[in-house]
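From first to last, the protein sequence lines are chains A and B. Counting in our numbering, the first sequence runs from 12 upward without gaps. Counting in our numbering, the second sequence runs from -4 upward without gaps. Reviewing the structure listed below.
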Amino acid sequence: MTWYDSFLQQLVDGLVLGSFYALVALGYTMVFGVIKLLNFAHGDLYMTGAFAGFGGLSLVSGFLGAGWLGIFVAMLLAMLAVGCLGVVIERVAYHPMLGAPRLSILITALAVSLVLQNAALALTGGQYTAFRTDLGFGGFNLGNLFLSHNQIVLVATAAVLMIALELFVSRTLYGRAMRAVSIDKDMCRMMGINVSAVIAVTFFIGSGLAAAAGTMAGAYYGSIWYFMGFLIGLKAFTAAVIGGIGSITGAMLGGLILGLLESFGTHIPFIGSEWKDVFTFSILILVLVFKPTGLLGKSEVERM
Amino acid sequence: MDRHSPPTRPDTHEPRPRNPLQRLYAAFESPGRRRALHLAIIAILIITPWISSQYTTVILTNALLYVVLCLGLNIVVGYAGLLDLGYAAFFAVGAYTIGILTQQFGVNFWAAIPFALMAAALAGVIIGGPTLRLRSDYLAIVTLGFGEIVRFTARNLEITGGASGLSHIPEPSLFGWHIDSSIDFYYVFVVLAVLAYIASQRLFDSRLGRAWLYVRHDEDAAEAMGINRVATKLAAYVIGAIFGAIGGIFFSVNLGAISPESFSFQQSVLILLAVVLGGMGKIPGVILGAFIVVLGPELLRDFGTLRLLIFAVLLLLIMLFRPSGIWPEKRS
């Protein structure tokens, strides 16, 4: 295998990883855009989505099978369920806190994250749950490059979801309201926009995308557990920051960049796979310190 | 509080508290009663291990360790108002420095302590220096990132023993007194907790403590009055780091073994939750929080894995219905 083939293989791996990061990062960035809240529980919604997808698949696999169709339906069910969960979380936990000091809201978000994690821990006993599918490991070779069908479907699904989101935000009435709310909530209220409804829709979509990523990750990697949301939550936040938090295109871009950086980073001498996470967090810190607005973020004149 | 007057002592010119809980707290805050309470608590702390089981002593030792850690984090979060989600990193730096120096280089425990403290203070400067200008939620994430970097580094390096960590860390002795039994360590932690309490109280009343209060309430006004914003916050970080390292130093010799998983994000969260639960900035509240966080899961042990869930739900409810904690700092 030449360095060129290896390069392409890393590119494919990076794209797969980046699709997960991008989908999760979108939820972070949307929620942050609308209510300026860093939703710590977002990674755990991804985890909940994986379990919801698992539950959905066992529900529908009887008559749809555990192939692509079954997983697709399970993914839609998971998106719906976790989307509603996101709305409930917003109503119950975040909505009463919106006027509170920032520190209190952050800690509330942390508490929500712990509730989700420990609920999953109590339900599974902390064991890995096998996510069995009939997808197999088929694929085809392009020269020395091996592309599995799963990778292609996964990246394509992620792309479709992201394009749909982009169209929703830029073309529909709710999307326009969402953009308006992220600029000035009080003015929106005066213009007759139902701000609470817009926030609820934002949480629904963000949580649904995390659930989609969770289900796909479960099906792709084959096992799920209660703690799977923590690291990806952090990394997706990194992706959102790289792209510029609050910017939807930025989150997609940031997710792909981070996925590629990690995939290539593990092959740089002295970094290797065991230093991969240190590498990612170092990127996060460097970006936050030197360019906190990210690639596409708007510069905010705000003191801490 | 009037922004231009220095913070007043909490026990002067207070309106009569209305609800019974507030009255109870107020009763503890008159100076005479406070002294009596201090003496009573110290007496209880000294007597307890003689009348309780070894299990209880070990749990109480852990609770006292948390008192030290929580008082340290309280300086960062409660006094200076900076959210630190990677506090376990300082705890780890203290523990690992002692572990490496005493176990691998054979340095005397007491001689190694200054190095551990210096390492922690340096870590505080490294983490605080570049990040203190960031917005509060970015700061939270950066500290989280640093915490994870420290843990991953401890797991990947050879000198820190990799994933299995360090074991056989020698027990210290002091003037011929070999500190090894659980009761010995209990008393060591009693002394540490009392020292941490006194230091916290004195810092709160100091010039620096008032500067933290000022910066927390209105940064711009504080700077206009000649307070160096960044230096003040950095001081909070470094002092908090030293408290954490002291906890880590004695934690490592108490257990005799440390591993990266002792310093995970969950550890940082637990310490933070104790501070928030008790009441940020309020020393007795924070101590109460530390005891709740350690004793709560023990009391709920019968519930198995559900106990963590019950605990998490309780925390959420407290944040929603009593966001300033069980024993909040008074504001006017």
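Beta carbons are placed, not taken as given, at the ideal position from N, Cα and C, and that holds for glycine.
S159(B) is outside the set of residues whose beta carbon lies under 8 Å from a beta carbon in chain A.
Residues of chain A with a Cβ closer than 7 Å to the Cβ of V308(B) are, in chain order, V126. Taking 7 Å as the Cβ-Cβ cut-off, the stretch 89 to 122 of chain A approaches chain B at A104, P107, A111, R113, L114, S115, L117, I118, T119, L121 and A122, given in chain order.
Less than 8 Å separates the beta-carbon of Y57(A) from that of G244(A).
Residue burial annotation: M198(A) is exposed, with fewer than 16 other C-beta atoms found within 10 angstroms of its C-beta.
The continuous stretches of alpha helix (DSSP H) do not include S48(B), and DSSP gives it neither H nor E. Collapsing the DSSP output to three states places F51(A) in coil. Minimum Cα-Cα distance from R146(B) among the listed residues F170(B), A83(B), T43(B) and E166(B) corresponds to A83(B). P318(B) has a beta carbon lying within less than 8 Å of a beta carbon in chain A. Minimum Cα-Cα distance from Y105(A) among the listed residues T226(A), K287(A), S30(A) and A211(A) corresponds to A211(A).
The alpha carbon of I235(A) has as its nearest neighbour, out of A61(A), H53(A), S218(A) and L19(A), the alpha carbon of A61(A).
Of all residues in the stretch 290 to 304 of chain A, only F292, S293, L295, I296, L299, V300 and P303 place a beta-carbon less than 8 Å from a beta-carbon of chain B. For S159(A), the uninterrupted beta strand (DSSP E) run begins and ends at L156 to S159, by DSSP. Less than 8 Å divides the Cβ of G305(A) from the Cβ of G265(A). No Cβ of chain B is located within less than 8 Å of the beta carbon of G265(A). Along the stretch 126 to 150 of chain A, going in chain order, the ones with a CB nearer than 8 Å to a CB of chain B are V126, Q128, N129, A130, L132, A133, G136 and G137. Comparing alpha-carbon positions, the option among G157(B), R211(B) and D179(B) lying closest to E166(B) turns out to be D179(B). Contact annotation: V248(B) and I164(B) have beta-carbon atoms nearer than 8 Å.
With its beta carbon at least 8 Å from every one in chain A, S263(B) lies outside the interface. In the three-state DSSP reduction, F83(A) falls in the helix class (H, G or I).
Less than 8 Å divides the Cβ of L307(A) from the Cβ of T260(A). Bounds of any alpha helix (DSSP H) do not take in N152(A); it lies within the beta strand (DSSP E) bounded by G150 to L153. Under a criterion of Cβ atoms nearer than 9 Å, the residues of chain A adjacent to S131(B) are, in order, R113, L114, L117 and M315. Taking a cut-off of 8 Å for Cβ pairs, the stretch 293 to 308 of chain B and the stretch 123 to 135 of chain A touch, as three or more such pairs fall below it.
For T148(B), the closest Cβ of chain A is nearer than 8 Å. Cβ neighbours of I278(B) within its own chain (closer than 8 Å, five residues either side excluded): L66, N69, Y192, S195, Q196 and F199. Excluding its 5 nearest sequence neighbours in each direction, N161(A) has C-beta neighbours in its own chain below 7 Å: L146 and Y231, listed in chain order.
From the listed residues M189(A), L297(A) and L19(A), the smallest Cα separation to L156(A) is found for L19(A).
Put simply, the stretch 287 to 295 of chain B touches the stretch 49 to 60 of chain B. At least three CB pairs are less than 8 Å apart. DSSP links T226(A) through a beta bridge to no other residue.
The secondary-structure analysis by DSSP pairs H173(B) across a beta bridge with S168(B).
Taking C-beta atoms as the reference points, A63(A) and A222(A) count as a pair closer than 8 Å. For A231(B), the enclosing alpha helix (DSSP H) has its first and last residue at R224 to L250. Neighbours of L49(A) across chain B, judged by C-beta separation under 8 Å: D132, A135 and I136. In terms of Cβ geometry, F238(B) and E143(B) do not form a close pair [threshold 8 Å]. Note on the stretch 73 to 113 of chain B: whole alpha helix (DSSP H) runs with a minimum of 4 residues are 83 to 94, in chain order.
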